[in-house]
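Have a look at the structure below before the remarks.
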Amino acid sequence: MNDQNVPRKPTTDFELLDSSMQRKDFTSSDTWRVFRIMSEFVHGFEALSRVDNAVAMFGSARSLSSHAHYQAAYETAKLLGQKGVAVITGGGPGIMEAANKGVKEGGGLSIGCNIELPFEQHENPYLDISLEFHYFFVRKTMFLKYAHAYIIFPGGFGTLDELFESLVLAQTGKLEKFRVILFDSSYWGGLVDWIRTTMLAHHYIKDGDMDLFTVVDTPQQAAEQICTFLKGDD
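Positions in the sequence shown are counted from 1; adding 1 to them yields this note's numbering.
In structure tokens:
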């Protein structure tokens, strides 16, 4: 048999040096993903480096404009905007849209850190600064780095994720002088009671950990707490 007629299996060095194979394999490798992650961090840091006096607002992407929570988020953000406080959201619909709309109409800076999702998420039209992320952990870093406080409106798993991540970082000292506000005691009351009567009762958290968050029921209460906190009076 003529060896020249036998198909040859590409060797490792052939795959390394062949530009077409390198391009195909490299862009789907973890090594390539590191560069993409780096680029998202750099882009986010550059875009938000001059943002100061900001809070992040979270809540359900499914809240309609007619819903009371949407209206409350809008009013809260508008009050903050009138006080010169910037608002950062996930940039999508629902509570995020309400917050971006409110702060923009209040004269404050409206920021959206959007994420690619298979459903629900699309950019709302009330953003002064709009960023797009592929990685949740990069996006979360932007919230935590540039917001001095979180206002958490009623929402689902994603909202709970942002809530508990911020509490963990505050509890462990990764965040200093950080305020977490839960909006609507009727929604969060059951969870707060469980944390107190079950988690605290089992000594899985300390008494002082209950002070990491507060609960409010009106936009005025939320805005007042944020402004007092940012002034350093609290």
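We put the beta carbon where it would ideally sit given N, CA and C, even for glycine.
Best match in the options for proximity to residue i [C-alpha to C-alpha]
i	options	result
lysine 232	Val52, Glu47, Arg51 and Val86	Val86
leucine 213	Asn125, Ile116, Ile152 and Gly109	Ile152
phenylalanine 158	Asp210, Ala57 and Ser61	Ser61
valine 181	Asp194, Gly45, Leu164 and Tyr188	Leu164
phenylalanine 59	Gly93, Val52, Ala48 and Thr229	Gly93
asparagine 54	Trp33, Ala73 and Gln83	Gln83
tyrosine 136	Leu80, Leu118 and Ala100	Leu118
glycine 107	Gln172, Lys79 and Leu49	Lys79
glycine 90	Ile38, Cys114 and Phe42	In the sequence as displayed, the identity of residue 90 is threonine instead of glycine. Considering only alpha carbons, the answer is Cys114.
serine 50	Met143, Val193, Asp162 and Gly209	Met143
serine 67	Phe184, Ala57, Ala99 and Lys175	Ala99
threonine 173	Glu76, Asp210 and Val35	Asp210
leucine 81	Glu41, Ala57 and Phe42	Ala57
tryptophan 189	Thr32, Met39 and Thr160	Thr160
isoleucine 227	His149, Thr199 and Ile196	His149
proline 220	Phe184, Ile196 and Val35	Phe184
phenylalanine 196	Ser64, Leu168 and Gln222	Note on identity: in this sequence residue 196 is isoleucine, with phenylalanine being the wrong assignment. Among Ser64, Leu168 and Gln222, the Cα nearest to that of isoleucine 196 belongs to Leu168.
alanine 69	Arg37, Arg34 and Phe154	Phe154
threonine 229	Leu65, Asn101, Lys178 and Glu124	Lys178
histidine 123	Arg63, Gln222 and Asp162	Arg63
serine 125	Gly156, Leu65 and Asp162	Sequence check: residue 125 is asparagine here, not serine. Ranking Gly156, Leu65 and Asp162 by Cα distance to asparagine 125 puts Leu65 first.
Contact belief for residue i with residue j at Cβ below 8 Å, rounded distance in angstroms
i	j	result
glutamate 166	lysine 207	That belief does not hold up - the Cβ atoms of glutamate 166 and lysine 207 are roughly 19 Å apart, past 8 Å.
valine 216	serine 186	5 Å
tyrosine 71	isoleucine 96	7 Å
glycine 109	alanine 74	The pair is not a contact, with the Cβ atoms about 14 Å apart (cut-off 8 Å).
isoleucine 130	alanine 202	44 Å between Cβ atoms; not a contact.
histidine 44	leucine 176	That belief does not hold up - the Cβ atoms of histidine 44 and leucine 176 are roughly 23 Å apart, past 8 Å.
leucine 170	leucine 145	7 Å
isoleucine 116	phenylalanine 134	5 Å
alanine 224	threonine 77	6 Å
valine 52	tyrosine 147	5 Å
Element boundaries [alpha helix (DSSP H), containing residue i]
i	result
tyrosine 71	69-83
alanine 97	In the sequence on display, residue 97 carries methionine and not alanine. Per DSSP, methionine 97 belongs to the alpha helix (DSSP H) from 96-106.
alanine 48	31-49
threonine 229	220-232
One or two residues paired with residue i in a DSSP bridge
i	result
isoleucine 206	None, per the DSSP bridge assignment.
threonine 215	Ile182
glycine 113	Thr90 and Ser131
Endpoints, beta strand (DSSP E) assigned at residue i
i	result
methionine 58	55-59
valine 88	87-90
Ordered list of beta strand (DSSP E) runs contained in the segment 117-197, each at least 3 residues: Counting whole runs of 3 or more residues, the segment 117-197 contains the beta strand (DSSP E) stretches 130-134, 150-153 and 180-184.
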